[in-house]
Amino acid sequence: MADMQGARHWNENNSRSFLDYGRYFVPERERQIDMIADLIPAAPGGLLVELCPGEGLLSRALLERFPDSRVLALDGSAEMLEQTRQTCRNHAARLTTGAFELSQCDWRTFSEAPQAIVSSLAIHHLDGRQKQMLFADLAAALRPGGLLVVADIVRPPSAAGLAIAARQWDEAVRSRSLAIDGDLAAFAEFNRLGWNYFRNPDGEPIDKPSSLAEQLAWLSEAGFTEVDCIWLFAGHAIFSGRKP
Ligand SMILES: C[S@@+](CC[C@H](N)C(=O)[O-])C[C@H]1O[C@@H](n2cnc3c(N)ncnc32)[C@H](O)[C@@H]1O
36 MADMQGARHW NENNSRSFLD YGRYFVPERE RQIDMIADLI PAAPGGLLVE
86 LCPGEGLLSR ALLERFPDSR VLALDGSAEM LEQTRQTCRN HAARLTTGAF
136 ELSQCDWRTF SEAPQAIVSS LAIHHLDGRQ KQMLFADLAA ALRPGGLLVV
186 ADIVRPPSAA GLAIAARQWD EAVRSRSLAI DGDLAAFAEF NRLGWNYFRN
236 PDGEPIDKPS SLAEQLAWLS EAGFTEVDCI WLFAGHAIFS GRKP
């Protein structure tokens, strides 16, 4: 999914690359942010947690959509955390940021049980077992009725599914490149970087997307109800579960 050059862990080069190209490379990025926010029931006050906010567009949308809520945004990149603070500067009083390592367990208890936990394009850096443990820990951390919403790339189990996802992602980046800049320079960069995971799914050890079916099952096993995928396109899915 990125120019990782065989790296096993996200680093600040990856952050800079994503900051430069995320707006071209993420299919239907604005609609995805809207849909994630739409899934969260309006409730006065409360804590919303975003795991791996990147430049903070989703955190900002949540702060705007839920003016009584606070957002805790956790990321492993100092540059991304600074970007999140910049993006959310108009809501600084309701934003807390913190450094964390997604795969570790030390951050998975919160002083206040969150009303919702969201994450976009990050959990695929964990392997299947780590995802299962994460979902179980987040189910335990949420308040009753709380929601987990994951937006991420998911791995189609069939060759035909991979080919369709690859083609759709190319088409999406091509369209965004033309719509944003009026040329195909960003699309050319997408190809040069080999960003389309679905064209070479075993090429980058940093990317470990699981299938959608597996992840929905892991949410159910973790105790979530109302487990569902509400959107899927170009190998990118938004899925969620509610803590009973
Ligand atoms: C592809 S970006 C996605 C950013 C943002 N959520 C979005 O959708 O635009 C991945 C984000 O996850 C963070 N990240 C990746 N692996 C991580 C890890 N193991 N621990 C903590 N943060 C990590 C990166 O710093 C980056 O902000």
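Residues 36 to 279 in the working numbering are what the sequence shown spells out, letter by letter.
Note that the Cβ used here is the ideal one computed from N, Cα and C, for glycine as well.
A quick note: this is a predicted structure, and the numbers were derived from the prediction, not measured.
Nearest-angstrom Cα separation, counted from residue j out to residue i
i: S193; j: K243; result: 16 Å
i: R164; j: C140; result: 13 Å
i: L156; j: G270; result: 11 Å
i: N125; j: E65; result: 19 Å
i: L161; j: E63; result: 24 Å
i: Q250; j: L182; result: 15 Å
i: I241; j: K166; result: 14 Å
i: A201; j: F233; result: 5 Å
i: S275; j: L267; result: 12 Å
i: I158; j: Q67; result: 16 Å
i: L247; j: F135; result: 26 Å
i: M168; j: P79; result: 30 Å
i: I273; j: V184; result: 7 Å
i: G57; j: L83; result: 23 Å
i: N48; j: F225; result: 16 Å
i: H44; j: A77; result: 36 Å
i: S146; j: F53; result: 31 Å
i: L173; j: G196; result: 30 Å
i: P179; j: K278; result: 6 Å
i: A148; j: L86; result: 15 Å
i: D187; j: I71; result: 12 Å
i: G89; j: C123; result: 12 Å
i: D206; j: V61; result: Per the sequence shown, the amino acid found at residue 206 is Glu instead of Asp. Going by the C-alpha atoms only, they are around 11 Å apart.
i: A151; j: L92; result: 17 Å
i: V262; j: G111; result: 28 Å
i: R120; j: I199; result: 37 Å
i: R190; j: Y59; result: 21 Å
Which residues DSSP lists as bridging residue i, in chain order
i: S154; result: L86, V185
i: G276; result: L183
i: C264; result: F274
Start and end residues, alpha helix (DSSP H) containing residue i
i: I68; result: 64 to 74
i: E47; result: 47 to 60
i: K166; result: 163 to 176
i: Q203; result: 194 to 216
i: Q121; result: 113 to 122
i: W142; result: Segment: none, W142 is in no alpha helix (DSSP H) and carries neither H nor E.
i: W253; result: 247 to 256
Residue i CB to nearest heavy atom of ligand 1 below 7 Å
i: F225; result: no
i: D110; result: yes
i: R70; result: For clarity, residue 70 is Met in the given sequence; the question names Arg instead. No, the Cβ of M70 stays beyond 7 Å of every heavy atom of ligand 1.
i: L137; result: yes
i: G89; result: yes
i: M168; result: no
i: S155; result: yes
i: H160; result: yes
i: W45; result: yes
i: L93; result: yes
i: V61; result: yes
i: F268; result: no
i: S255; result: no
i: S50; result: yes
i: F53; result: yes
i: G57; result: yes
Start-to-end residues for the beta strand (DSSP E) that takes in residue i
i: T132; result: 130 to 134
i: A108; result: 105 to 110
Mind the definition here: the stretch 227 to 242 touches the stretch 254 to 266 only if three or more C-beta pairs lie below 8 Å; say whether that holds. no
Contact between the stretch 94 to 106 and the stretch 129 to 143 is defined here as three or more beta-carbon pairs at a separation below 8 Å; is this criterion met? yes
Under 8 Å: do the stretch 107 to 116 and the stretch 215 to 222 share three or more Cβ pairs, one atom per stretch? no
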